[in-house]
Amino acid sequence: MKNSVAKASPLPAISLKDVGGLGEEMKEEILQTLSTLKEPEQAMKLGIKPPKGILLYGPPGTGKTLLAQAIAHELNAAFFSASGSAFNELFVGVGASRVRSLFQAARKQTPAVIFIDEVDALAGKRKAHGGEEAEKTLTELLVQLDGGHSNDGILFIAATNRKDMLDEAFLRPGRIDFSFQVPLPDTKGRREIIEIHTKGKSLAPAVYASLNELAESTSGFSGAELHSLFETASRRALRNGHDTIEKEDLDYALDRTILGSASRTLQDY
Ligand code: ATP
């Protein structure tokens, strides 16, 4: 278990096309950032410093992990990923040593992306963070992020639902150079995400014809919820011996998804 966070997962076959609802402006910013990372020398000549660290923040299920995977894919980089909570240990020094091994492993396999989800569990504000052990782990993260040239070829990507909880020292340029907000998708974004998740699925003509309406009526749905909507609809179609996803399968899935979000919202309070 000790070094379980220090292994690259196979390069995710996710491209930016698989991430819907980013909006033109953000897509453009991401593409520009990627070009500085792909051609760092060219960028430096133009006075542009490629980023070392990027923060993705926004509500759960909006595609932050997906986007990090797509960025790694575009950079042809090894993908090291861990959840911030994997560094929380009661035993002295274990969290810090995990942070160190993660960076060491990535340095051996450049180009690499280190992705830390729920980074607030690792880089939360020191005052609120509590505990000497958590403080040591965060300090180690800052040390590793400040690695200078030893971090060449490494892009650090962190994701959180709680940007406000993050320690200011962590957010300093040189550690985190850009923050991208990944919000819940608007109607156009939902339409794009629906397109992505219905690709390769057989839809009954009535369902196909109702996709614009579906995008309009699913305000508040995240990408993850839209994904699960079509997964549920497909499974129901299969169970009922349908060759295509019928309107009744989709309606059933909509009810289930809405119920699921409602119970989660209730649990949150
Ligand atoms: P969390 O904050 O809960 O970790 P997240 O923002 O990292 O969530 P993902 O794990 O990337 O969200 O999303 C889960 C799944 O939902 C994805 O694998 C994908 O199938 C679908 N999904 C979420 N957002 C999008 C999106 N913008 N475009 C396409 N699919 C999406």
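All letters in the sequence shown, in the order written, are residues 138 to 406 by the UniProt record's numbering.
Ideal Cβ placement from N, Cα and C applies to all residues, glycine included.
Fair warning: this is a prediction, and the values are worked out from it, not measured in the lab.
Cβ-based burial, glycine 284 [other Cβ within 10 Å; buried from 16]: exposed
With a 10 Å radius around its C-beta and 16 neighbouring C-beta atoms as the bar for buried, classify lysine 139 as buried or exposed. Residue confidence for lysine 139 is low, a pLDDT of 46 falling below 50, so the modelled location carries little weight; the figure read from the coordinates is stated next. When all chains shown are included, lysine 139 counts as exposed.
For ligand 1, I want to know if serine 359 counts as a neighbour, meaning its beta carbon is within less than 7 angstroms of at least one of the ligand's heavy atoms. yes
Name the two residues that bound the continuous alpha helix (DSSP H) containing aspartate 257. 257-260
Distance CB(phenylalanine 216)-CB(valine 256) smaller than 8 angstroms: No; because the gap between Cβ atoms is not below 8 angstroms, this pair is not in contact.
Could you give the DSSP three-state label for threonine 381: helix, strand or coil? coil
What do you get for aspartate 405, buried or exposed, if any count of 16 or more other CB atoms within 10 angstroms of its CB means buried? At aspartate 405, the pLDDT of 43 sits below 50, so the modelled position is not reliable; the number obtained from the coordinates is stated separately. Exposed is the call here.
Three-state secondary structure (DSSP) at valine 231? Here valine 231 carries a helix assignment [DSSP, helix/strand/coil].
Cβ of threonine 199 within 7 angstroms of any heavy atom in ligand 1? yes
Shorter than 7 angstroms, the distance from the beta carbon of aspartate 254 to the closest heavy atom of ligand 1, or not? Yes - ligand 1 has a heavy atom lying nearer than 7 angstroms to the Cβ of aspartate 254.
Measure from the alpha carbon of threonine 355 to the alpha carbon of each residue in Thr381, Arg263, Thr324, then state which is nearest. The shortest Cα separation from threonine 355 among Thr381, Arg263, Thr324 belongs to Thr324.
Can you find the residues in the same chain that come closer than 8 angstroms, C-beta to C-beta, to leucine 203, ignoring five residues on each side of it along the sequence? Ile151, Asp155, Val156, Gly360
Is any heavy atom in ligand 1 found nearer than 7 angstroms to the beta carbon of valine 229? no
Taking C-alpha atoms, which residue in Leu340, Ser347, Ile167 lies nearest to alanine 370? Leu340
Return the CA-CA distance between lysine 175 and histidine 364, expressed in angstroms with no decimal places. 31 angstroms
Segments assigned alpha helix (DSSP H), at least 4 residues, entirely inside the UniProt domain "AAA+ ATPase" (187-323): 201-211, 231-244, 257-260, 263-266, 269-282
Look up leucine 145 in the DSSP assignment and say whether it is helix, strand or coil. Residue 145 is actually alanine in this sequence, not leucine. DSSP places alanine 145 in strand when its eight states are reduced to three.
Below 8 angstroms, can you find three or more Cβ-Cβ pairs linking the region 327-341 to the region 216-236? no
Under 8 angstroms by Cβ, that's how I've got leucine 387 and valine 319 pegged, so tell me the actual separation to the nearest angstrom. So it is not a contact: roughly 26 angstroms between Cβ atoms.
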